[in-house]
Amino acid sequence: MLFAPCCHQCGEFIIGRVIKAMNNSWHPDCFCCDICQAVLADIGFVKNAGRHLCRPCHNKEKARGLGKYICQKCHAIIDEQPLIFKNDPYHPDHFNCANCGKELTADARELKGELYCLPCHDKMGVPICGACRRPIEGRVVNAMGKQWHVEHFVCAKCEKPFLGHRHYERKGLAYCETHYNQLFGDVCFHCNRVIEGDVVSALNKAWCVNCFACSTCNTKLTLKDKFVEIDLKPVCKHCYEKMPDEFKRRLAKRERDAKEKEKQKKKKPICL
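First residue of the sequence shown: 53, per this note's numbering; consecutive thereafter.
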């Protein structure tokens, strides 16, 4: 015991096998990775900024400094584009296409837990999301010439999904109505474009001068013309008079009811 070395970790005398590393002596079970605590006695270690690390942890630290991924299979740094499988990065050549057996590249696609090369995947006719570039197995949103997961088709400003609500396009990006107006001004209700020039404000909406027209006969209208609102759109007096009497009566009743409801709101007392 007089000449037994002391363990650098626990301070006890070492009887039996001694690990000599980092200019110190260690019990085999005390010499562990400074990050994951894996025992290093039989797997080797790497010096990293004064620390003793297992190779996987060393690679992770090195990759973090280089801004690169670590392969979750071989634990080596991925120098090229990684293959993302079940949200983890891998070297693509660790996998083969589930259909043709070819070694995969980074553009492989995952479908129902299996990996496929791009040609095999495309033959299956599965739509690819324009945001995450992954297959869409459920409901598909078709917009802006692409297909999207419902939750990934979002406003470029607030990042809230549209969920079927109207969107407005600008330079390849989609915006909700609120942020489109905040950023780019009035949007024509008819053509869905920013209005350049005079704005026609009618029916609580904005219109291009050339777009403000009867929704039935397409005759251009001005604010001086007589028109009625049907299904949120203007209808000229001439087209309105051609409509069935019963329909016009229902329309007039609905307008009276709306006005009465508005009056009741104004009469409602305010509680202080």
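C-beta: ideal position from N, C-alpha, C; glycine also.
Just how far apart, CA to CA, sit residue i and residue j?
{"i": "residue 270", "j": "residue 148", "result": "59 angstroms"}
{"i": "residue 55", "j": "residue 104", "result": "26 angstroms"}
{"i": "residue 61", "j": "residue 166", "result": "46 angstroms"}
{"i": "residue 58", "j": "residue 144", "result": "47 angstroms"}
{"i": "residue 95", "j": "residue 106", "result": "8 angstroms"}
{"i": "residue 137", "j": "residue 100", "result": "29 angstroms"}
{"i": "residue 324", "j": "residue 316", "result": "Confidence is the limiting factor: at residue 324 the pLDDT is only 48, short of 50, which leaves the residue's position unreliable, though a coordinate-based value still follows. Approximately 19 angstroms between the Cα atoms of the pair."}
{"i": "residue 190", "j": "residue 178", "result": "10 angstroms"}
{"i": "residue 241", "j": "residue 259", "result": "6 angstroms"}
{"i": "residue 187", "j": "residue 223", "result": "25 angstroms"}
{"i": "residue 48", "j": "residue 272", "result": "Lying outside 53 to 324, the shown extent of the chain, residue 48 is not represented and no answer is given."}
{"i": "residue 194", "j": "residue 214", "result": "12 angstroms"}
{"i": "residue 127", "j": "residue 141", "result": "10 angstroms"}
{"i": "residue 175", "j": "residue 234", "result": "43 angstroms"}
{"i": "residue 155", "j": "residue 163", "result": "17 angstroms"}
{"i": "residue 65", "j": "residue 89", "result": "21 angstroms"}
{"i": "residue 237", "j": "residue 278", "result": "27 angstroms"}
Opposite residue i in the DSSP bridges: which residues?
{"i": "residue 286", "result": "281"}
{"i": "residue 58", "result": "65"}
{"i": "residue 220", "result": "227"}
{"i": "residue 201", "result": "192"}
Residue i and residue j look like a contact to me (Cβ under 8 angstroms); what is the Cβ gap, rounded to whole Å?
{"i": "residue 209", "j": "residue 173", "result": "No, residue 209 and residue 173 are not in contact; Cβ-Cβ is about 33 angstroms, not under 8 angstroms."}
{"i": "residue 281", "j": "residue 255", "result": "5 angstroms"}
{"i": "residue 249", "j": "residue 261", "result": "7 angstroms"}
{"i": "residue 169", "j": "residue 158", "result": "No, residue 169 and residue 158 are not in contact; Cβ-Cβ is about 11 angstroms, not under 8 angstroms."}
One question on the structure: do residue i and residue j come within less than 7 angstroms of each other, judged by their Cβ atoms?
{"i": "residue 109", "j": "residue 87", "result": "yes"}
{"i": "residue 226", "j": "residue 217", "result": "no"}
{"i": "residue 228", "j": "residue 200", "result": "no"}
{"i": "residue 263", "j": "residue 291", "result": "no"}
{"i": "residue 146", "j": "residue 125", "result": "yes"}
{"i": "residue 122", "j": "residue 111", "result": "yes"}
>> Just to confirm the assignment: which complete beta strand (DSSP E) runs, minimum length 3, are found wholly within the region 105–143?
In response: Counting only runs of 3 or more, we get 135–137, 140–142.
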